[in-house]
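Notes follow the structure.
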Amino acid sequence: MSFGDESGRGREVGWYTGVSMRETEELRLVGRAAVAPHLLGPAGGVRTGALLTMIDNVGGLNGGLAALPEGWVVSTNLAARVVELAHVGPLRIDSSVLRRGRNNVVTGVQIHDEGAHDALVASGVLTSAILVPENGPPQWSRPVELEPPAGVPTHLPSIPDWLGVRAAGDHAVEIDLADGLRNPWGILHGGVVATLVDLSAEHATNGAHTTDVVLHFLAPNRVGPVRAIARPLGERSDGTVLRVEVRDEGADRTTALAIVTAAPADQAI
Amino acid sequence: MSVVYPPDNHLLRDLRFSFEHDGEGRRSRAWMPVVAELCTDLGHARAGALATLVDVIGGGLAASAAAPGWIATADLTLHLVRAARPGSVVEARANVLRAGRTTVVIEVALVDEHEHDIGLATMSFAVLPRRDTNPDVSSIRQPSSTMARPESRLAGPLLDQLGVQVRDRARGEIDVPVIDWSLNSMGAMQGGVVATVAEVAAETALRAATNEPLVVNDLYVTYLGFGKVGPVRSIVDVLAAADGHGSARVELVDTGAENRQMTVVHAVATRGLA
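Heads up: the sequence lines are chains A and B, in that order.
Counting in my numbering, the first sequence runs from 1 upward without gaps.
Counting in my numbering, the second sequence runs from 1 upward without gaps.
Okay, here's the thing in structure tokens:
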């Protein structure tokens, strides 16, 4: 996860998604985000990749706080089911720690649309590994309250434009690893990886909407370009199931594996 | 002290799995014959039965990859795209995606005899220090092996043998006892059985919510704690119910252990598969 650090690394993703976060009680964190025009996808609501980024941000910070004082966390698995594609906003992202083990933290995260009678938008789980950073875990004033920094431009580019996504054949998309997309550890932000998975599924299915993602982070993306390659596995009554492999082409290695379900654009989810 | 697992009369023997392992501890294959006792009323193998196959092959491979350490299963995911029908044999092909200091991740592809994709599964594991009571996997990583005894086979439908009791169909509330036949090597409900319980709970609630004979084809199982006492009870939250599919969040608790939370599962049910 990442919301930014003093170096500025990791801030861009936090700015872009515009999530504020507040620790409401021990092991519970609540985020809020506007349904901003730059986050919208072709289904009319916030793009699934952006919802996954919010889950990673809020669930990750909550997991990190649960890991203190011994360590901090990195995301290892992210899974979510999206049940509503059109959103009014603001969105509320509720995170609670389901388990704090010796070397990992599991957080449950649900997103509700406060402007649509608190309708459920997505339900997910984030698992994070506990590690001890070289300079020790970050220090926080508790309870934690984070607001997106002032001065963020109001007109931001759409997600594909912001990431600079390009097609790499019929079933793959790729991006360059720009500095602004790195987290405080200098690697590609997990939310960006999730968004790339979402975009690759959409590309491979000619515009179907991602409704379900299971994503395993296997290795850091440090070099780039980073490519997501989607392979359709089969069709079901809820859409197409795809296997998506993410590779750091500059480092010649697989960095993430996802299984995605994408629903046809004209189908209710 | 090493322990023999599974005992002679056990689910994992009655499912008649057979295995092949490479010498490097990076890949394994397993086979499961599909019998009517494992199938839904639509005639294809239950997601929970296939999850049990995945759990066994994935767990064995992860234990090899983590050696000399031991492992605890963190999560299991399964997505099915094609029906496995009685009389067929499902092959599970497992490979190690990551073997790190603290985590192991395994991918398991499920295919039929004609090389058609049946589904795709993943598992991740936390790496732990080995205890004396952990099984010695080197003894079961022979190039070719089976868990089945000559007399091993299911004596009846899987759900009957597990003792599934439906308490409230509309709410998907079911009870399942913790019995010797379906324990894992730690004396708790086996991971694939946990997935099966969640599958049945989700299927029951989603059929009630949609009025359609849906079957669960996706499971995302997050293991939080063991179910050692029982009965294990399901609490289902239907997330969405649309034409032809639905999704649910299932929580399993061990009612005999002060409702200790065992597992959180996200399940997706669809119409029958091709």
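All C-beta atoms in this analysis are idealised placements derived from N, C-alpha and C, irrespective of residue type, glycine included.
On a predicted model such as this, the values are computed, not experimentally measured, just so you know.
Note that the C-beta distance between L98 of chain A and V264 of chain B is below 8 Å.
Under the three-pair Cβ rule at 8 Å, the region 200–213 of chain A counts as touching the region 77–92 of chain A.
By DSSP's assignment, N103 of chain A forms no beta bridge with any residue. Taking the Cβ atoms as the reference, W72 of chain A lies roughly 21 Å from P148 of chain A, outside the contact range of under 8 Å. If you look at I229 of chain A, you'll find it in the beta strand (DSSP E) that goes 226–236. Residues of the same chain with a CB within less than 6 Å of the CB of L61 of chain B, apart from the 5 flanking positions on each side, are S28, A94, I106 in chain order. Scanning the region 81–168 of chain A for uninterrupted beta strand (DSSP E) segments of 3 residues or longer gives 91–100, 104–113, 119–131, listed from N- to C-terminal end. The criterion of a C-beta distance shorter than 8 Å is satisfied by R243 of chain A and L233 of chain A. Against chain A, the beta carbon of G244 of chain B has neighbours under 8 Å at S237, D238, listed in chain order. Sequence-distant partners of P69 of chain A (beyond 5 residues in either direction) whose C-beta falls short of 8 Å from its own C-beta, in its chain, are P137. In the assembly as shown, T122 of chain B is a buried residue. Its beta-carbon has 16 or more other beta-carbons within 10 Å.
Three or more Cβ pairs closer than 8 Å define a contact, and the region 246–266 of chain A falls short of that threshold against the region 227–241 of chain B.
Following the DSSP letters along the chain, one finds E249 of chain A in no beta strand (DSSP E), marked with neither H nor E. Under the DSSP definition of a beta bridge, D117 of chain B partners with B:V111.
The DSSP assignment places 215–223, 232–242, 245–254 as complete runs of the beta strand (DSSP E) inside the region 182–269 of chain B, in order along the chain (cut-off: 3 residues). From the beta-carbon of T127 of chain A, the residues of chain B found nearer than 8 Å are A74, D75, S124, T222.
Residues of the region 226–242 of chain B that bring their beta carbon within less than 7 Å of a beta carbon in chain A comprise L239, A240, A242, in sequence order.
With fewer than 16 other beta carbons inside 10 angstroms of its own, Q165 of chain B counts as exposed. When DSSP assignments are scanned along the region 14–76 of chain A, the uninterrupted stretches of beta strand (DSSP E) that are 3 or more residues long and fall wholly within it turn out to be 20–25, 28–33. Listed in chain order, the alpha helix (DSSP H) elements of length 4 or more contained wholly in the region 37–112 of chain B are 47–66. Sequence-ordered contacts of the region 74–106 of chain A with chain B read T76, N77, A79, R81, V83, L98, R99, G101, N103, N104, V106 [C-beta pairs closer than 7 Å]. Counting only the Cα atoms, D113 of chain A lies some 7 Å from V88 of chain A.
Contact note: R46 of chain B does not reach chain A at a C-beta cutoff of 8 Å; the least C-beta distance is about 16 Å. In the displayed model, R167 of chain B falls within a strand according to three-state DSSP. Rounded to whole angstroms, the separation of the alpha carbons of G64 of chain A and S123 of chain A is 20 Å. S144 of chain B is classed as exposed because its beta carbon has fewer than 16 other beta carbons within 10 Å across all chains shown. When B:A72, B:L15, B:D168 are compared, the shortest CA-CA separation from P86 of chain B is found for B:L15.
Selection B:Q261, B:L224, B:N217 evaluated against A267 of chain B yields B:N217 as nearest (Cα-Cα). Within the region 108–119 of chain B, D117 place their CB atoms closer than 7 Å to a CB of chain A, listed in sequence order. The three-state secondary structure of D198 of chain A, taken from DSSP, is helix. The beta-bridge partner set that DSSP reports for S18 of chain B consists of B:W31, B:T146. Using a CB distance cut-off of 8 Å, H10 of chain B does not count as an interface residue toward chain A. The region 171–183 of chain A makes contact with the region 216–231 of chain A; the number of CB pairs closer than 8 Å reaches 3 or more.
Across the set B:A170, B:V111, B:H21, the C-alpha of B:V111 shows the shortest separation from the C-alpha of V34 of chain B. One Cα belongs to A67 of chain A, the other to I130 of chain A, and the distance between them is close to 7 Å.
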